[in-house]
Each structure stands twice: as structure tokens, then as C-alpha cells.
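Peer 1: Numbering (mature numbering (1 follows the signal peptide of the UniProt record, and there is no 0)), first residue to last: -17 to -1, 1 to 347.
(1) Determine whether the beta carbon atoms of residue 203 and residue 163 lie at a separation below 9 Å.
(2) Please go through the stretch 73 to 110 and give each complete alpha helix (DSSP H) segment of 4 or more residues, from N-terminal end onward.
(3) Cβ of residue 92 versus every heavy atom of the ligand NAD: is any distance shorter than 8 Å?
(4) Determine, using beta-carbon pairs with one atom in the stretch 61 to 71 and one in the stretch 81 to 101, whether at least three such pairs fall under 8 Å.
(5) Quick one: what does DSSP say residue 152 is sitting in, helix, strand or coil?
(6) Taking just the CA atoms, how far does residue 93 sit from residue 171?
(7) Using a threshold of 9 Å, state whether the C-beta atoms of residue 96 and residue 42 are closer than that.
(8) So what's residue 16 in DSSP terms, helix, strand or just coil?
(9) Measure from the alpha carbon of residue 299 to the alpha carbon of each residue in 154, 27, 15, then state which is nearest.
(10) I need the DSSP call for residue 231, collapsed to helix, strand or coil.
(11) Who are the near neighbours of residue 227 in its chain, counting only those whose CB is closer than 7 Å to its CB and skipping five residues on each side?
(12) With respect to the alpha helix (DSSP H) encompassing residue 320, which residues constitute its N-terminal and C-terminal limits?
(13) For the stretch 301 to 312 against the stretch 325 to 344, are there 3 or more C-beta pairs whose distance is under 8 Å?
(14) Got a sec? Which residues, its chain only, sit under 7 Å from residue 31 by beta carbon, not counting five neighbours each side?
(15) Compare the beta carbon distance of residue 292 and residue 52 with 9 Å and say whether it is the shorter of the two.
(16) I think residue 230 touches residue 192, with their Cβ atoms under 8 Å apart; what is that distance to the nearest whole Å?
(17) From the DSSP secondary-structure annotation, give me the bridge partner or partners of residue 326.
(18) Compute the beta-carbon to beta-carbon distance between residue 196 and residue 166, rounded to the nearest angstrom, for a pair I have assumed lies under 8 Å.
(19) Can you look up residue 262 in the DSSP assignment and give me helix, strand or coil?
(20) Measure the C-alpha to C-alpha separation of residue 306 and residue 268 and round it to an integer number of angstroms.
(21) Whole alpha helix (DSSP H) runs in the stretch 198 to 260 with 4 or more residues, listed along the chain?
(22) Pull up the distance between the alpha-carbon of residue 242 and that of residue 284, whole angstroms please.
(23) With H, G and I counted as helix, E and B as strand and the rest as coil, what does DSSP make of residue 127?
(24) Under 9 Å, do residue 290 and residue 277 count as touching if we go by C-beta distance?
(25) Compare the beta carbon distance of residue 341 and residue 60 with 9 Å and say whether it is the shorter of the two.
(26) Is it true that the CB of residue 258 sits closer than 9 Å to the CB of residue 215?
(27) Counting along the chain, where does the alpha helix (DSSP H) carrying residue 54 start and finish?
(28) Alpha carbon to alpha carbon, what distance is there between residue 344 and residue 12?
(29) With 16 as the cutoff for other CB atoms within 10 Å, does residue 297 come out buried or exposed?
(30) Let me confirm a value: residue 119 is counted as buried when at least 16 other C-beta atoms fall within 10 Å, else exposed. Which label applies?
(31) For residue 279, collect the residues of the same chain with a Cβ closer than 7 Å to its Cβ; drop the 5 residues on either side in sequence, then sort them by chain order.
(32) Only counting the same chain, and skipping five residues up and downstream in sequence, which positions put a Cβ closer than 7 Å to that of residue 206?
(33) Determine the contact status of residue 77 and residue 104, defining contact as a CB-CB distance below 9 Å.
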């Protein structure tokens, strides 16, 4: 643990030393305009097309979500050249997304079941309840200054040590997350999950199936148990998927309140990471935090901060990918890498995030 802290603090120190004067709002506005984000997404998708046989489920999920957002953009009034570009990009995403059909021939494990059901652009449509980010124009809010973490006190090293100790605490684990998502999507078993979930949906609830989860998943996804890091974002993903379903015994207001509570907890962590100038160790997690909490309806406005988005897009490399620090190497492909320049999970999140912020700005 101590050696990890030293590495992190060195990364943070390097990051601070390399901080340059913040770009003007005009530069940020240009770099984060929807057309610029779509061009970035196109470069990323081209890498996926070129490496079609080697795509992982993490990357495919991000492409499927981006594809759903592109199809939402195509429902908006667009200039003809813009429409042609988005249509071409969506076709590439359709091709990449189709890889899931041959990834699992006979899905049996929880990961395979979840992958089959969630790597589907139709599941991730954001047509309902989507509002523009910045008023009528749908532009990003004009908040160009850097958010400074309110958590950074007199002893930032102690704070980071505490966070590093907490980040592995809580649940759900990655395996639990897959198992609970599988139960959410396909299970018919009985339990008492909805005891505190609020009133049943009014009107037509008799025609809807009831949500039933194992006691283990009810405990893992409990809002009363605090989680950190990826455990926390995995828990939020569960509630996001729940929000896209309809169950007779789950009230939508309960799900919305759960998403908001989790994003408020995530915001404290994201603020901390930003306060340390985005150390490489936490960039993949930070991207996941921003995407998920900008995706929920309604999003917390802090997660549409253009300064945060500008930092994220700056991490996209010349190959069009995002690369996690653990996959670093001179010509060596790491355990989570698609190519020497492309980490699969980080790039998948990047695809979804680029599509989301382009979609949020183009909604009318």
C-alpha cells in the first residue's frame, strides 16, 4: 500500500508540475463542440473496425451505448453534411456491435448473459426525458474555471491515503455486479427486495413482471452500505439498468432517488481526483464516474462541467484510443489492451462519453 501511495503522489506531483495555463473558453468551446466530439468518436470506432476480431465486451458495451446516442442524434434536425457523417458513423458502430453475436455461442455465465443483453444499442436509447445541457441551444454551460476539490485540506497526502484504503472496500465486486445484473435482467426467483423500494407503479402494474433478486444481490446493491471507487460505479450501473426496466413492484421515484444519492457520493470522489489534477491511476475511474452521472436523468450539473470534459478528451491519443496507465509499455500489449495504444475498458467508456456529450448538445 505504501509503495502505491508513493507512486500516486509522484504522479500527482508530476501532473501539478505539468499544469499549463488553462485554455480560453473559445478553445474549449471549439474542442468540445458536438462535431469535434463526433470526429473523435469516429477515430475511436475506426480502431475497433480495424481490430474487429479482438474486441472485448467492455469495449463493445461502450460502442453499443455510443451507437444508441448516435441514433438519437439522427432524430434531430441536422445539416445534410452532418447527417451523412453521423449516419456513416452509426453504420460503423452497427458493424462493431455485431461482434457480440459471435462472442458467446452458448452464454451460460453471468458475464455472458449480461453482455448479450446489454450490448444492444436499442437498450440504451435516451429519447425519454432528455433535456438540453445549456438551455435552448443545448451548448455546454459556460463554466471554464477548474473545479477545485472542497475535500483537499491541510494534509492532502493523508486524504489520499484514506481514499486508497477505502477504494477497495464495500461492494459489489465485479463478479457480484455481473451476477446481480443477470438477475435483474432475467431472474424469476422470489425474495423481499422491494420491501423498502416504495409503492408499486400505478396503473397497468398488473401486466408488469415483478423484480426479484437473491438476498445476496439485495445486500450487495443496498443503498445503506457505502461503496467506493469501481464498487460504487458498479452499484450505480445496476440502478441505471433498473431505471431502463419496468417492474410492478418498483416505483420510478425510488430509482431516481437512488441514482442521485449514488452520484452525490461519486461527486465527492470525482472532486478529489480532479483536485489532484487527474493522476493517471484514477483516469479510467474518473471517466466512468463522469459518464454514468451525466447519463442518469436528470444528471447532476457538476458532471457536465466542460473543464472536466476537456481534461478527458485530452487523454485520447493520436491513435484515437484511451490508454490506462497499467497498460503502459514500449511496444508491449498489456492485459487490458486492444493494441499497444488502446486499453479496452477505458476506450469503451470513452466511446460512450463522446457520444453522450455530443448527443446532449444536439438535442432540441
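Cβ coordinates follow ideal geometry from the N, Cα and C atoms, glycine included. Values in this document were obtained by computation on a predicted structure and should not be read as measured data.
Peer 2: Once the coordinates are examined:
(1) Here residue 203 refers to the residue found at position 220 of the chain shown. Here residue 163 refers to the residue found at position 180 of the chain shown. Yes; because the gap between Cβ atoms is below 9 Å, this pair is in contact.
(2) DSSP runs (the alpha helix (DSSP H)) wholly in the stretch 73 to 110: 83 to 86, 93 to 101.
(3) No copy of the ligand NAD appears in this structure; indeed no ligand is present at all.
(4) When Cβ pairs closer than 8 Å are counted between the two stretches, the stretch 61 to 71 is seen not to touch the stretch 81 to 101, the count staying below three.
(5) Your numbering for residue 152 matches position 169 in the chain shown. Coil, per DSSP.
(6) By one-based count along the chain shown, residue 171 stands at place 188. By one-based count along the chain shown, residue 93 stands at place 110. Note that residue 171 has pLDDT 47, beneath the 50 cutoff, so the model's placement of it is unreliable and the number below is only indicative. When rounded, the distance between both Cα atoms is 15 Å.
(7) Position 113 of the chain shown, counting from 1, holds the residue named residue 96. Position 59 of the chain shown, counting from 1, holds the residue named residue 42. The answer is no: Cβ separation not under 9 Å.
(8) Looking up residue 16 in the chain shown gives position 33. Coil at residue 16, not helix or strand.
(9) In the chain shown, the residue the question calls residue 299 occupies position 316. Taking only the C-alpha atoms, the option nearest residue 299 is 27.
(10) Along the chain shown, read from residue 1 onward, the residue named residue 231 stands at position 248. For residue 231, the secondary structure class from DSSP, reduced to helix, strand or coil, is coil.
(11) Working through the chain shown from its first residue, we reach residue 227 at position 244. If we look at residue 227 and ignore the five residues flanking it on each side, its Cβ neighbours are 106.
(12) Within the chain shown, the letter at position 337 stands for residue 320. Where residue 320 is concerned, there is no enclosing alpha helix (DSSP H), although the beta strand (DSSP E) it sits in stretches over 320 to 322.
(13) Per the Cβ contact rule, the stretch 301 to 312 is in contact with the stretch 325 to 344 (3 or more Cβ pairs under 8 Å).
(14) Counting from one through the chain shown, the residue named residue 31 turns up at place 48. Exclusion of the five residues before and after residue 31 leaves 38, 42, 46, 79 as the residues of its chain whose Cβ lies within less than 7 Å of its Cβ.
(15) On the chain shown, position 309 is the one that residue 292 refers to. On the chain shown, position 69 is the one that residue 52 refers to. Going by beta carbons, residue 292 and residue 52 fall outside the 9 Å limit.
(16) By 1-based counting over the chain shown, the position of residue 230 is 247. By 1-based counting over the chain shown, the position of residue 192 is 209. Going by Cβ atoms, the distance from residue 230 to residue 192 rounds to 6 Å, so yes, they are a contact pair.
(17) Sequence index remark: in the chain shown, residue 326 carries index 343 (1-based). Beta-bridge analysis with DSSP links residue 326 to 320.
(18) In the chain shown, the residue the question calls residue 196 occupies position 213. In the chain shown, the residue the question calls residue 166 occupies position 183. At roughly 5 Å, the Cβ-Cβ gap stays under 8 Å, so residue 196 and residue 166 are in contact.
(19) Within the chain shown, residue 262 is the residue found at index 279, counting from 1. Coil, per DSSP.
(20) Position 323 of the chain shown, counted from the first residue, corresponds to residue 306. Position 285 of the chain shown, counted from the first residue, corresponds to residue 268. One C-alpha to the other measures close to 12 Å.
(21) Note on the stretch 198 to 260: whole alpha helix (DSSP H) runs with a minimum of 4 residues are 198 to 203, 212 to 226, 235 to 258, in chain order.
(22) Working through the chain shown from its first residue, we reach residue 242 at position 259. Working through the chain shown from its first residue, we reach residue 284 at position 301. If you draw a straight line from the Cα of residue 242 to the Cα of residue 284, it is about 14 Å long.
(23) As a position in the chain shown, residue 127 is number 144, starting the count at 1. Low local confidence applies: a pLDDT of 43 at residue 127 is under 50, so the model's placement there is unreliable, with the coordinate-based value given in what follows. Residue 127: coil per DSSP, three-state reduction.
(24) Translated into the one-based positions of the chain shown, residue 290 becomes position 307. Translated into the one-based positions of the chain shown, residue 277 becomes position 294. Residue 290 places its beta carbon 9 Å or farther from that of residue 277.
(25) Taking the chain shown and counting its residues from 1, one reaches residue 341 at position 358. Taking the chain shown and counting its residues from 1, one reaches residue 60 at position 77. For residue 341 and residue 60, no; Cβs fall outside 9 Å.
(26) Here the question's residue 215 lines up with position 232 in the chain shown. Here the question's residue 258 lines up with position 275 in the chain shown. Between residue 215 and residue 258, the C-beta gap is not smaller than 9 Å, which leaves the two residues out of contact.
(27) Locating residue 54 in the chain shown gives position 71, where the first residue counts as 1. Its alpha helix (DSSP H) spans residues 40 to 56.
(28) In the chain shown, residue 12 corresponds to position 29, counting from 1. In the chain shown, residue 344 corresponds to position 361, counting from 1. In a straight line, the C-alpha of residue 12 is about 12 Å away from that of residue 344.
(29) The count along the chain shown starts at 1 and reaches residue 297 at position 314. Under this definition residue 297 is an exposed residue.
(30) Taking the first residue of the chain shown as 1, we reach residue 119 at position 136. Interpretation of residue 119 is limited by its pLDDT of 31, a score under 50 that renders its predicted location unreliable; the figure taken from the coordinates is listed afterwards. In summary, residue 119 is exposed, with fewer than 16 beta-carbon neighbours lying within 10 Å of its beta-carbon over all protein chains present.
(31) Stepping through the chain shown from its first residue, residue 279 is reached at position 296. Shown here for residue 279: same chain residues with a beta carbon closer than 7 Å to its own, the five before and five after excluded, namely 223, 242, 246 in chain order.
(32) Stepping through the chain shown from its first residue, residue 206 is reached at position 223. Contacts found: 241, 244.
(33) Sequence index remark: in the chain shown, residue 77 carries index 94 (1-based). Sequence index remark: in the chain shown, residue 104 carries index 121 (1-based). In this structure, residue 104 lies closer than 9 Å to residue 77 by Cβ.
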